[in-house]
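Taking the working numbering, the leading residue of the sequence shown gets 3, the next gets one more, and so forth.
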Amino acid sequence: MDSSQLLKGVLDLAVLAVLNERDGYGYDVVRRLREAGLEEVGDASVYGTLRRLFKAGALTSYVVASDEGPHRKYYGLNEVGRGMYATSAKTWASFAATMASLLKEGQA
3 MDSSQLLKGV
13 LDLAVLAVLN
23 ERDGYGYDVV
33 RRLREAGLEE
43 VGDASVYGTL
53 RRLFKAGALT
63 SYVVASDEGP
73 HRKYYGLNEV
83 GRGMYATSAK
93 TWASFAATMA
103 SLLKEGQA
């Protein structure tokens, strides 16, 4: 199964989950997703997801000066984003439980 197709379906939730832990700038979010096991996640996909979630009103943003180069635009969850995260996490948990049950039945 092509994991990149699965990733497309859950990237919003993955980004929201990372930002639910703490605010982050674009590459920080990419790095944290990869460290969590989503090694195939692309930079452009994450940056696009951050922009889309921001436009949807789910994220706040602010700029922080960096000693290592240009200023960094940080993103964080706002009330809408926290609600979106909670709803999506609940949906994912239900879906994952259903899939686990189906796979278990298929192995019997």
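Ideal Cβ placement from N, Cα and C applies to all residues, glycine included. As the structure is a computational prediction, the values presented were derived from the model and not from experiment.
- The shortest CA-to-CA distance from Gly39 to any of Met86, Arg54, Ala98 and Ala16 is the one to Ala16.
- Under the 8 Å Cβ criterion, the stretch 39 to 52 does not count as touching the stretch 84 to 98, having fewer than three qualifying pairs.
- In its chain, beyond the 5 residues on either side, no residue has a beta carbon closer than 7 Å to the beta carbon of Asp69.
- Per the DSSP secondary-structure output, Val66 pairs in a beta bridge with Arg74.
- DSSP places Leu105 within a helical segment (H, G or I) once states are collapsed to three.
- Just measuring C-alpha positions, the residue of Tyr27, Arg74, Glu42 and Gly28 sitting nearest Leu9 is Glu42.
- Distance from the CA atom of Ala60 to the CA atom of Leu79, rounded to whole angstroms, is 6 Å.
- By the Cβ-count criterion, Val32 is buried, with 16 or more other Cβ atoms from all chains shown falling within 10 Å of its own Cβ.
- CA-to-CA, the gap between Ala91 and Thr51 works out to about 17 Å.
- Contact check for Asp14 and Tyr77: beta-carbon distance about 13 Å, past the 8 Å limit, so the pair fails to qualify.
- For Leu61, the secondary structure class from DSSP, reduced to helix, strand or coil, is strand.
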